[in-house]
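Data block below; observations after.
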Amino acid sequence: MDTREALGSWIDGPKAAAEKMGADFGHRGERLGLPKEGPGSIAGPGRRMGALFVDGWLVALVAYGLIGKGSAASANMWTTPLFFAVTVLLLATTGTTFGKRLFGLRVVRLDGRRASIPQVMLRTLLLCLVVPALVWDRDTRGLHDKAVGTVEVRI
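Residue numbers (the UniProt record's numbering): 1 to 155.
Written as structure tokens, this is what we have:
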């Protein structure tokens, strides 16, 4: 075997190496019965990170301007609890946040219905811990979604 090919498969990861050998993993969300593209398909990581950035930025702006009254130290103390509260409130009532809406996303249960309040609260708590959101499966669902049986889909 050419060492360049072996090195390439090591850098690409095990999925790319298995696909080169003929394994078919299907599209993201296929195992969950979701379409490949369009409404109802699993949202890509770029959209999800963009939505999270917008939501975090808006919450930080509110914490700085309204709660911290211009004090960065005070605003920093309130940003995460405010993010938790706003995210839980919006996801429990509408299934989406401002950032998610901007990027055309919503959070649903695996059966397509809106997530329950306990699901949303645990999902958001795990999201605030950061690490569970950074660990994905092959469908690019984070552990925070897998733990509560939700998925972030395109509208």
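Every residue gets a Cβ at the ideal spot worked out from N, C-alpha and C, and that includes glycine.
No experiment lies behind these values; they were computed from the predicted model shown.
Option nearest residue i by Cα separation, candidates the options
i	options	result
residue 48	81, 116 and 127	127
residue 132	145, 56, 77 and 121	145
residue 111	68, 41, 102 and 70	41
residue 98	52, 31 and 60	52
residue 33	81, 54, 147 and 139	139
residue 141	55, 30 and 74	30
residue 55	123, 118 and 103	103
residue 116	148, 129, 137 and 130	148
residue 85	39, 122, 50 and 152	122
residue 130	89, 118 and 83	83
residue 89	118, 152, 76 and 57	118
Assigned secondary structure, residue i (DSSP; H/G/I helix, E/B strand, else coil)
i	result
residue 152	strand
residue 56	helix
residue 109	strand
residue 28	coil
residue 40	coil
Cβ-Cβ distance between residue i and residue j below 7 Å
i	j	result
residue 96	residue 106	yes
residue 79	residue 60	yes
residue 150	residue 101	no
residue 143	residue 135	yes
residue 36	residue 27	yes
Supposed contact pair residue j and residue i - C-beta distance, whole angstroms, cut 8 Å
i	j	result
residue 91	residue 120	4 Å
residue 43	residue 114	The Cβ separation is near 16 Å, so there is no contact.
residue 68	residue 74	4 Å
| Ranges of the alpha helix (DSSP H) found wholly within the UniProt domain "RDD" (43 to 148), counting only runs of at least 4 | 45 to 62, 72 to 93, 98 to 102, 117 to 128, 131 to 134 and 143 to 148
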